[in-house]
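Peer 1:
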Amino acid sequence: MALILLSWLYVFVTASSLGISFAKLLGIPARNITVTITLGLFAVTLLASIWAIFAPIDLGFTVFLSTITLISGYCFRFDWIAMWKTTVKSIRFFSFTLKILFSLSSILILAQSATTPFIIDNETYYIQTIKWLNEYGFVPGLANLHLFFGQTSGWHIAQSVYSLSFVYDDFNDLNGFLLLIINFWSFQRLHSYLGSQRKMDLVFGLLPLSYLFLFQFVNAPSPDLAVYAIAFLVFSIYTDISENIAQKFKLISVLLIFAVYIKITALVLLLLPIIILLKYRNQIKNQVLSISLLGDLVLLLFVVKNIILTGYPLFPMTFLPYSDIDYIVPKEIMAYFFSPDMMHSFYMPFGSLSQTTFANVVRHYFWLSGIDSIIGCTTVALLVIIPFIISKHYSKQGLRDIYMVFVSLLILLTFSSPQYRFYVYFTLFFGLLLAAVWFTKEKIILVLIGMSLLGCTVVLFIPLTFGSITNNQMLSKNNTFTTESLIFPKPNSKNNLTYTRENKGNLDYYAPQKTTIFWITGNGHLPTVNKEQLDYFETYFHVIPQFRGQTLSQGFRAQKVNSHD
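Position in the sequence shown (first residue = 1) + 48 = my numbering.
1) Using three-state DSSP, classify residue 206 as helix, strand or coil.
2) What are the boundary residues of the alpha helix (DSSP H) that includes residue 241?
3) For residue 127, count neighbouring C-beta atoms within 10 Å of its own C-beta (all shown protein chains included) and say buried if the count is 16 or more, exposed if not.
4) Quick one: what's got a C-beta closer than 7 Å to residue 484's C-beta in the same chain, skipping five residues either side?
5) Less than 8 Å separating the beta-carbons of residue 235 and residue 146?
6) Where does the unbroken alpha helix (DSSP H) through residue 327 begin, and where does it stop?
7) Which partner residues of residue 576 appear in the DSSP bridge assignment?
8) Taking only three categories from DSSP, how would you classify residue 162?
9) Between residue 334 and residue 171, what straight-line distance do the alpha-carbon atoms span, to the nearest angstrom?
10) Compare the C-beta of residue 419 against all C-beta atoms of chain E and say whether one is closer than 8 Å.
11) Relative to the C-alpha of residue 258, which candidate in 490, 565 and 478 has its C-alpha closest?
12) By the three-class DSSP mapping on this structure, what secondary structure does residue 435 have?
13) How many angstroms separate the CA atom of residue 218 from the CA atom of residue 211?
14) Considering only the beta carbon of each residue, do residue 379 and residue 358 sit closer than 8 Å?
15) Do you know how far the Cα of residue 312 is from the Cα of residue 597?
16) Buried or exposed for residue 245, please, with buried defined as at least 16 other CB atoms from any protein chain shown within 10 angstroms of its CB.
17) By Cβ distance below 7 Å, which residues in the same chain neighbour residue 448 in space, the five residues on each side in sequence not counted?
18) With 16 as the cutoff for other CB atoms within 10 Å, does residue 239 come out buried or exposed?
19) Can you tell me which of 382, 469 and 115 puts its alpha carbon nearest to the alpha carbon of residue 169?
20) Would you kindly check if the distance between the Cβ of residue 51 and the Cβ of residue 537 is under 8 Å?
21) For residue 411, report the span of its alpha helix (DSSP H) as first-last.
22) Residue 591 by DSSP, collapsed to three states: which one?
23) Look at the alpha carbon of residue 223 and the alpha carbon of residue 273, and state the distance between them as a whole number of angstroms.
24) Is it buried or exposed, residue 463, if we count other Cβ atoms within 10 angstroms and call 16 or more buried?
25) Using the three-state DSSP reduction, which class does residue 489 fall into: helix, strand or coil?
26) Short check: CB of residue 577 to CB of residue 606, under 8 Å?
27) Name the two residues that bound the continuous beta strand (DSSP E) containing residue 548.
28) Only counting the same chain, and skipping five residues up and downstream in sequence, which positions put a Cβ closer than 8 Å to that of residue 175?
29) DSSP on residue 144, reduced to helix/strand/coil?
30) For the segment 356-398, list the alpha helix (DSSP H) runs that are entirely contained and at least 4 residues long, ordered along the chain.
31) Just verifying my parser: in three-state terms, what is the DSSP assignment at residue 219?
32) Taking the C-alpha atoms as reference points, what is the distance between residue 119 and residue 266?
33) Output needed for residue 374: all residues of its chain with C-beta closer than 6 Å, excluding positions within five of it in sequence on either side, in chain order.
34) Is it right to say residue 472 is buried, meaning 16 or more other beta carbons lie within 10 angstroms of its own, or is it exposed?
35) Which one or two residues does DSSP pair with residue 606 in a beta bridge?
Right under this line is the structure:
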């Protein structure tokens, strides 16, 4: 915990300093510390993305980032001091009970960050993706080694900045920091509600009620949590759009461009600034150029990153291959692993999608898939209830638009990959919208938040099993906090794997032993890939990854091999 807290201090200083500079550049007021730090993380991500095209995100980038942080901090020191004073003043105004709950929730977030990661994707590609960024930057054809490495998210680029791997190997805690600042923002909104009785303040002030769910994302750099956090900030701004429309349009647009760079499934959220543009064109037309330039820069970085890693500018879409390069991922591999059957295989048997009825697909998702079923049924119930709740208890401004965007997202996911993590932030938001109608008295609200934090404490300190909601053995048990984590965080991999040195053609690599699925790579030395995975690709696709040159920085190509009879 102590080391994580020190690393978070570095994140706070750099992100807040660059956030103020970035806000000044964009013409956005930098008064709210949570929004400013989020903008700062966006700025850091953009700088790191440009750097990774040419060099690893290592000590050199840290020196560069620290230098511009100091310059920015000095140039805008008065803005920084004013923002810090406002933040401290906000905490002082909290009631005694709010201070206790805020302190407890912050400590729990820190403690959860020090535990071993829970998410399976951390073991398959998060760790290795960040390690490649730290040691080599963007590597040509890296997706030929492991297809998931082609999914390098903007959030993984940000985490690679703050992994500080040249100092310590187990920093993996940017999500914890993000939830910490969102936690402060939520308690600010709750404090505001207790004084003003504004129902939308209560909606966002009840966010700690969702921590028992959100805590699973805290101790790994899952891009999903970053999208959830940004979405909540955007929803709060969008539902209060009637004043300072031009500035709010710009802020919403910038935040959502960041969300899309983090995870492409957030693309549907861009409907919100488009709606604002259609409604208030004359008032915001002067803001469109700067937003377009920022969007063009992010799109360029997205395309360049994808071309380097996979050969496809819009990966995982393949209709625009950059075909003159020798390291492009074979189309047959892309077609198989991003096919509708594969995208729906998390809740129904692979290969059965095209042979079953829509009613059977619905039955599998809602009744046979554990946590997906629970969240799916909750989502459907809210879809039915929420229009009546909005009509009776809320100003319709903004909420109807958010509801329609939610419906649009669900329609798109139905035909692609309806995984709950792609839409659950809407479910949480509308669930809190409903909760804010049911629970309006201060004592009840504080008791509910206290019970939520008690639940987080139980999960954090007591070993539990979750066999009733998941069949995945890797996710069936929680990872608890231990006393040694008071200083040093747990390793950033939950698997204590052993590795052997293997060879295939000119590829020398490290292979993890005794893994449950062949995508798992863990925290092995570069290059790490599962031998079973390579054998599978050789058998069924007749390709093996090979070095393109003499060094790892030159990347990997897919080499055709003779098929086995």
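Yeah, the Cβ is synthetic: ideal placement off N, Cα and C, and Gly gets one too.
Peer 2: According to the data block:
1) helix
2) 222-244
3) buried
4) 247, 250, 251 and 254
5) yes
6) Looking at the DSSP string, the run of the alpha helix (DSSP H) that includes residue 327 is 319-327.
7) 558
8) Correct three-state label for residue 162: coil.
9) Approximately 46 Å, taken between the alpha carbons.
10) Absent from the structure: chain E. Only one protein chain is present.
11) It is 478.
12) helix
13) Rounded to whole angstroms, the gap between the alpha carbons of residue 218 and residue 211 is 8 Å.
14) no
15) 32 Å
16) Residue 245 comes out exposed.
17) 438
18) buried
19) 469
20) yes
21) Following the DSSP letters along the chain, one finds residue 411 inside the alpha helix (DSSP H) bounded by residues 406-415.
22) Here residue 591 sits in strand by DSSP.
23) 7 Å
24) exposed
25) coil
26) Contact: no.
27) 547-552
28) In chain order, 220, 540, 541, 569, 570 and 571 place their CB closer than 8 Å to the CB of residue 175, counting only its own chain and leaving out the 5 sequence neighbours on each side.
29) helix
30) 379-385 and 388-391
31) coil
32) 31 Å
33) Cβ within range, chain order: 605.
34) buried
35) 593
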